[in-house]
Amino acid sequence: AQSVTQPDIHITVSEGASLELRCNYSYGATPYLFWYVQSPGQGLQLLLKYFSGDTLVQGIKGFEAEFKRSQSSFNLRKPSVHWSDAAEYFCAVLGDYKLSFGAGTTVTVRA
Amino acid sequence: GAVVSQHPSWVICKSGTSVKIECRSLDFQATTMFWYRQFPKQSLMLMATSNEGSKATYEQGVEKDKFLINHASLTLSTLTVTSAHPEDSSFYICSASPAQGASYEQYFGPGTRLTVT
């Protein structure tokens with residue numbers, strides 16, 4: 006069965022600084038990978054996804070993620086964080102026709 | 002586009018009563034809908050998948066008689082928690098997909114916070 010690990014429960018970053026969120030997955034075949042963001046009172050929003058092709062994926066809101074098969078990772082990055090990026094971030098892998106989510110990483114942005 | 006709503010956003014009910022949560026796709030037809038449960042500081046756990054007009058498929062360990070799912074139309078699915086108990090208190094999230102079984106394309110609702118007293 007597939008699984009996702011997000012090693013960082015909580016990250017605090019200064020506004021304007023770079024951000025990297027880690028995601029490691031376990032899946033036997035070629036994975037379909039996703040990053041979602043969850044803000045209070047709002048549903049999960051898809052930031053980006055990887056199905057195949059270029060391993061560096063560009064998403065919305067200035068986010069990007071890099072798929073590294075050798076490391077079973079799909080880390081999310083943003084070069085310069087804005088206060089509005091404070092939220093919960095979830096990595097997910099598609100397997101057996103369903104999404105499996107990591108436990109999430111809470112991002113706090115300080116002024 | 003691709004907006005999914007849930008109602009209510011939060012509900013408090015007494016132990017032993019039933020509560021219904023609605024999930025609507027506002028601007029597309031949702032062939033498949035998913036129901037998740039999220040505990041504090043934990044990930045979303047898939048409870049069941051439903052296709053319009055068919056019985057829901059429940060994940061292992063989910064009591065189908067306790068969590069009744071109805072997907073009667075292409076824009077509405079309901080989750081009824083029957084004889085709720087405090088351990089059913091949780092955050093319930095639905096998602097909808099315009100294509101049958103397309104787990105790779107899901108649009109999520111904002112969630113419903115259920116508290117059972």
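Protein sequences, first through last, are from chains X and V. Heads up: the first sequence is residues 6 to 116, going by this note's numbering. Heads up: the second sequence is residues 2 to 118, going by this note's numbering. All residues carry an ideal CB built from backbone N, CA and C; glycine is no exception.
Under 8 Å between C-beta atoms of residue i and residue j
i, j, result
"residue 97/V", "residue 105/V", "no"
"residue 18/V", "residue 99/V", "no"
"residue 79/X", "residue 72/X", "yes"
"residue 47/V", "residue 60/V", "yes"
"residue 3/V", "residue 35/V", "no"
"residue 111/X", "residue 14/X", "yes"
"residue 18/X", "residue 96/X", "no"
Buried or exposed (CB count within 10 angstroms, at least 16 for buried), residue i
i, result
"residue 86/V", "exposed"
"residue 6/X", "exposed"
"residue 90/X", "buried"
"residue 40/V", "exposed"
"residue 11/V", "exposed"
"residue 11/X", "buried"
"residue 110/V", "buried"
"residue 59/X", "exposed"
"residue 50/V", "buried"
"residue 89/V", "buried"
"residue 22/V", "buried"
Simplified DSSP state of residue i, which is helix, strand or coil
i, result
"residue 14/X", "coil"
"residue 23/X", "coil"
"residue 66/X", "helix"
"residue 30/V", "coil"
"residue 43/X", "strand"
"residue 50/X", "strand"
Touch test, the stretch 63 to 77 of chain V against the stretch 108 to 117 of chain V, Cβ-Cβ under 8 Å, three pairs minimum: These segments do not touch.
At least 3 beta-carbon pairs within less than 8 Å: the stretch 21 to 40 of chain X vs the stretch 53 to 70 of chain X: A contact exists between the stretch 21 to 40 of chain X and the stretch 53 to 70 of chain X.
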